[in-house]
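Enquirer:
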Amino acid sequence: MKRPWGWGLLGGALLVMVVVSLTLPRGNANEMTLTDFAASVRGGQVQSANITFQNGTALISGQLQDAQPYRTRTLVSDPLIELGSLQARGVTVAYAAPSRLSVFGVLSVLLTLALIVGLVILLMRSRQNPGTDAAGAFGKSKAAVIAEGQIKLNFTDVAGCDEAKQDLQEVVDFLRQPEKYHQLGARIPHGVLLVGPPGSGKTLLAKAVAGEAKVPYFSISGSDFVEMFVGVGAARVRDLFEQARKSAPCIVFIDEIDAVGRKRGVSMQGGNDEREQTLNQLLVEMDGFSSGQEVIILAATNRPDVLDAALLRPGRFDRQVVVDAPDVRGREHILRIHARKKPLDVSVDLGVIARRTAGMVGADLENLLNEAALQAARQGRNRITGRDVDEARDRVLMGPERRSLVVREADRKVTAYHEVGHALAAQLLPHADKAHKLTIVPRGRSLGSALYTPEDRMHHTTTALLDRICVALAGHAAEQVATGQVTTGAANDFQQATGIARRMVTEWGMSEVGQLALAQESSAYLGYGPQQGVYSDHTAQQIDHELGRILNGQFERAVQLLTEHVHVLHRLTDELMARESLSGEDVQTVLAGGSLPALELPGASPVAADDPAAAGGLKPGPA
Ligand code: ADP
Ligand code: MG
Ligand code: ZN
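Numbering-wise (full-length UniProt numbering), the sequence shown opens with residue 1 and increments by one.
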């Protein structure tokens, strides 16, 4: 808001003008020198004289014989102004008491005060953030509000995260027709956490939900809550939710929630109190919704791991929606969206660009097209050509940030074998959790991942546990079966497999060591640290022996399984290389000998292998 400053300046200028005009000496024209005055008195030209004594001077004013006013001053001790000598010249003399509080003096003091007070207020305002109206209104929430119907975005403006859109469709439905859900007594999650790498479209998606549902949208960033003054953040939260409740149904979007939602009591810095209070207030507000209030809180973060557990409890952010980096199809879609308003030459093939930009997220792709448009404009062309895009891509990739994410072709291939190994083993083993998605889109420090749908089980049978170990080792096994050698990328898998095996032996009595509770309760439960021996060396040897037997056995089993299905392994890997991600059904289809729907990528050319930008990059092994 610029207004307070404008008014302040205007007021200040007026004050200065008034003060200056008051300070200017008045009646200058009638000022007489003492010599002239003495001469006038001697000449009998002075009619009257009013004398005021002030700090050792005598101020004299009065009228001359021709009725002209005059004023002058002299020393108190001046014999000229003695009553006798003046009266002798026919001057009417009056003595006046000095007026201490002249109107002028009072005014100038008042005005100076007003000026100072005004300046202080101005200063205080300028130190506050815009949007707060008075010195006392620190607590007003800083949320940006977009009224319903004002958001033109909808789900068609977001691409490459279809699963996330599906998950959020429910929220949209609920906001549109809450009665349907209330009738059934359904409790809709109040808090949905959008999790994903920066630039993957979380903020965009939140807005699109509001656009789809046609409800008001309050958005605020987590860092806006965290202020210098204790209590301000909490007051902001209270204020925000009060406003939101008034405009329900609506959406409250808290961007970068990790700024407030970090685990409590772990930070080294001071100023923790403020953050904790803010977080506590947020929790209180989230619990305070009655079931009839359709306020849905979306929050975004790329660090779900640092969030306080209390935030993730049921009734709060108990729903997580993953907004991942897009795969090749997603990237093509995103490029289409952002190419809508850009004139493209026929030489631009978005499908090919999509293939060559593995690892880029939506924000990168938007930036890529923008760079291309700038490039074209610089060259004075009115259409964007394929060359422009290529050059823009190089420029974007050479930039320091994404370097590590562009993966060499050979690495992609090994990663693909590895992930397919996991998924295929999971599919083939009757008691293993099936993979529902596998991908070689790099994320974080891993080059790929396989996600499983765990079945809810209270008890695990020995067979099921062995199957799980086998699946965990199958990534490593697939590398060996397909390429004859293995990489360093399976460290996590080994940890997981060893963890299960160790607990089988030491906690669950599932080995030849026998039915002994051998692990120490706490460390076994937390799953870390070497379990300190509460058993004899002989037992320790036995345990190690059993572990080796289980792990090696399951690795051999995985190798055998994958060797039997090596054709499927190759076919799935090729598909994964082309599509970058596969669903559980895709795996089933290929395993059953079927083929996947054709991937529409016209003019597909080989992906840039050995890209110079990637050569210096960080290359962690497949996970
Ligand atoms: P995040 O909040 O996840 O960091 P943003 O939503 O702020 O990312 O994305 C920044 C910009 O990148 C968006 O405004 C949009 O133009 C573009 N963008 C990102 N992801 C997508 C996507 N999935 N589809 C379309 N555009 C996207
Ligand atoms: Mg964002
Ligand atoms: Zn693995």
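The beta-carbon is built from N, C-alpha and C at its ideal position, and this holds for glycine as well.
In this text the structure is predicted, and so the values were computed from the model without any measurement.
For P319, which beta-bridge partners are listed by DSSP?
Expert: Taking the first residue of the sequence shown as 1, we reach residue 319 at position 319. Note that residue 319 is Arg in the sequence shown here, rather than Pro. DSSP, once it has assigned bridges, lists V192 as partnering R319.
Enquirer: So what does DSSP say about Y535, is it helix, strand or coil?
Expert: Here the question's residue 535 lines up with position 535 in the sequence shown. Three-state result, Y535: coil.
Enquirer: Mind checking whether the beta-carbon of I337 lies closer than 7 Å to any heavy atom of the ligand ADP?
Expert: Position 337 of the sequence shown, counting from 1, holds the residue named residue 337. At least one heavy atom of the ligand ADP sits closer than 7 Å to the Cβ of I337.
Enquirer: What residues in its chain sit with their C-beta under 8 Å from that of I500, if we drop five residues either side in the sequence?
Expert: As a working mapping, residue 500 is identified with position 500 in the sequence shown. So the list reads L465, R468, I469, A472, once near-sequence residues are dropped.
Enquirer: Can you find the residues in the same chain that come closer than 6 Å, C-beta to C-beta, to K165, ignoring five residues on each side of it along the sequence?
Expert: The residue given as residue 165 occupies position 165 in the sequence shown. F155.
Enquirer: Using 8 Å as the threshold, is the C-beta distance between A354 and V389 below it?
Expert: Within the sequence shown, numbered from 1, the residue matching residue 354 stands at position 354. Within the sequence shown, numbered from 1, the residue matching residue 389 stands at position 389. Going by C-beta atoms, A354 is not nearer than 8 Å to V389.
Enquirer: Any chance you could list the residues with Cβ under 6 Å from a heavy atom of the ligand MG, keeping chain order?
Expert: K202, T203, D255, A300
Enquirer: Just list the alpha helix (DSSP H) runs in the region 37-107, keeping only unbroken ones of 4 residues or longer that don't cross its boundaries, in chain order.
Expert: Counting only runs of 4 or more, we get 83-88.
Enquirer: Confirm, please, whether the CB-CB distance from V209 to I146 is below 8 Å.
Expert: Position 146 of the sequence shown, counted from the first residue, corresponds to residue 146. Position 209 of the sequence shown, counted from the first residue, corresponds to residue 209. Not in contact: I146 and V209 (Cβ atoms no closer than 8 Å).
Enquirer: Tell me the rounded alpha-carbon separation between L113 and M124.
Expert: Here the question's residue 113 lines up with position 113 in the sequence shown. Here the question's residue 124 lines up with position 124 in the sequence shown. The C-alpha of M124 is placed about 17 Å away from the C-alpha of L113.
Enquirer: When DSSP builds the beta bridges, which residues end up paired with K437?
Expert: Translated into positions along the sequence shown, residue 437 becomes position 437. For K437, which the question treats as bridged, DSSP gives the partners L451, S583.
Enquirer: Three-state secondary structure (DSSP) at C250?
Expert: For the purposes of this step, residue 250 is taken as the residue at position 250 of the sequence shown. In the structure shown, C250 sits in a strand (DSSP, three-state: E or B).
Enquirer: For A490, is the beta carbon positioned less than 7 Å from some heavy atom of the ligand ZN?
Expert: One-based indexing of the sequence shown puts residue 490 at position 490. Yes, the beta carbon of A490 sits closer than 7 Å to at least one heavy atom of the ligand ZN.
Enquirer: With which residues is V145 paired in a DSSP beta bridge?
Expert: Along the sequence shown, one-based indexing puts residue 145 at 145. Looking at the DSSP assignment, V145 forms a beta bridge with F218.
Enquirer: Looking at the ligand ADP, does it come within less than 7 Å of I334, judged from the CB to the closest heavy atom?
Expert: Locating residue 334 in the sequence shown gives position 334, counting from the first residue. In this structure, I334 has its beta carbon less than 7 Å from a heavy atom of the ligand ADP.
Enquirer: Does the ligand ZN have even one heavy atom less than 7 Å from the beta-carbon of G475?
Expert: On the sequence shown, position 475 is the one that residue 475 refers to. At least one heavy atom of the ligand ZN is nearer than 7 Å to the Cβ of G475, so yes.
Enquirer: Could you spell out where the beta strand (DSSP E) holding A592 opens and where it closes?
Expert: Within the sequence shown, residue 592 is the residue found at index 592, counting from 1. It is not in any beta strand (DSSP E) - A592 carries neither H nor E in the DSSP assignment.
Enquirer: Measure the C-alpha to C-alpha separation of R245 and L175 and round it to an integer number of angstroms.
Expert: Taking the first residue of the sequence shown as 1, we reach residue 245 at position 245. Taking the first residue of the sequence shown as 1, we reach residue 175 at position 175. Straight-line Cα distance between these residues: approximately 14 Å.
Enquirer: Using a Cβ distance threshold of 8 Å, determine whether the region 581-593 contacts the region 534-543, with at least three qualifying pairs required.
Expert: no
Enquirer: In whole angstroms, what is the alpha-carbon distance linking M17 and L110?
Expert: By 1-based counting over the sequence shown, the position of residue 17 is 17. By 1-based counting over the sequence shown, the position of residue 110 is 110. Between M17 and L110, the C-alpha separation is close to 14 Å.
Enquirer: Would S200 be called buried (16 or more neighbouring beta carbons within 10 Å of its own) or exposed?
Expert: Reading the sequence shown from its first residue, position 200 is the one you call residue 200. Answer is buried; the Cβ neighbour count reaches 16.
Enquirer: Got a sec? Which residues, its chain only, sit under 7 Å from E256 by beta carbon, not counting five neighbours each side?
Expert: The residue given as residue 256 occupies position 256 in the sequence shown. In its chain, beyond the 5 residues on either side, S221, G222, S223, A300, T301 have a beta carbon closer than 7 Å to the beta carbon of E256.
Enquirer: With respect to 7 Å, is the separation between the Cβ of D574 and the closest non-hydrogen atom of the ligand ZN below this value?
Expert: Working through the sequence shown from its first residue, we reach residue 574 at position 574. No, since every heavy atom of the ligand ZN falls outside the 7 Å radius drawn around the Cβ of D574.
Enquirer: Could you check whether the Cβ of A410 sits closer than 8 Å to any Cβ belonging to chain C?
Expert: This model lacks chain C altogether, as it is built from one protein chain only.
Enquirer: Under three-state DSSP, which class holds T35?
Expert: Along the sequence shown, one-based indexing puts residue 35 at 35. It is helical.
Enquirer: Could you check the C-alpha separation between V172 and D318 for me, to the nearest Å?
Expert: Counted from its first residue, the sequence shown places residue 172 at position 172. Counted from its first residue, the sequence shown places residue 318 at position 318. Looking at the two C-alpha atoms, the distance is approximately 17 Å.
Enquirer: Just to confirm, does C250 get its C-beta within under 7 Å of one of the non-hydrogen atoms of the ligand ADP?
Expert: Walking along the sequence shown from the start, residue 250 turns up at place 250. No, since every heavy atom of the ligand ADP falls outside the 7 Å radius drawn around the Cβ of C250.
Enquirer: Just the Cα atoms here: how many angstroms apart are V91 and T35?
Expert: If you number the sequence shown from 1, residue 91 lands on position 91. If you number the sequence shown from 1, residue 35 lands on position 35. Their Cα atoms are separated by approximately 17 Å.
Enquirer: Using the beta-carbon count (16 or more within 10 Å), is Y95 buried or exposed?
Expert: Translated into positions along the sequence shown, residue 95 becomes position 95. Exposure of Y95 is indicated by the presence of fewer than 16 other C-beta atoms within 10 angstroms of its C-beta.
Enquirer: Helix, strand or coil for T563, going by three-state DSSP, please let me know.
Expert: Your numbering for residue 563 matches position 563 in the sequence shown. Helix.
Enquirer: Does the ligand ZN have a heavy atom nearer than 7 Å to the CB of D493?
Expert: Taking the sequence shown and counting its residues from 1, the one referred to as residue 493 is at position 493. Yes, Cβ of D493 sits closer than 7 Å to a heavy atom of the ligand ZN.
Enquirer: Classify residue 642 as helix, strand or coil using the three-state DSSP reduction.
Expert: Outside the displayed range of the chain (1 to 623) lies residue 642, so it cannot be described from this structure.
Enquirer: Helix, strand or coil: how does DSSP classify G621 here?
Expert: What you label residue 621 is simply residue 621 of the sequence shown in a count that begins at 1. Residue confidence for G621 is low, a pLDDT of 40 falling below 50, so the modelled location carries little weight; the figure read from the coordinates is stated next. Reduced to three states, the DSSP call for G621 is coil.
Enquirer: Would you list the one or two residues that DSSP bridges to I543?
Expert: Here residue 543 refers to the residue found at position 543 of the sequence shown. Paired residue(s): none; I543 is not in a bridge.
Enquirer: Mark D66 as exposed unless 16 or more other C-beta atoms lie within 10 angstroms of its C-beta, in which case mark it buried.
Expert: The residue labelled residue 66 in the question sits at position 66 within the sequence shown. It counts as exposed.
Enquirer: Alpha helix (DSSP H) containing T203: first to last residue?
Expert: Within the sequence shown, the letter at position 203 stands for residue 203. Unbroken alpha helix (DSSP H) run through T203: 202-213.
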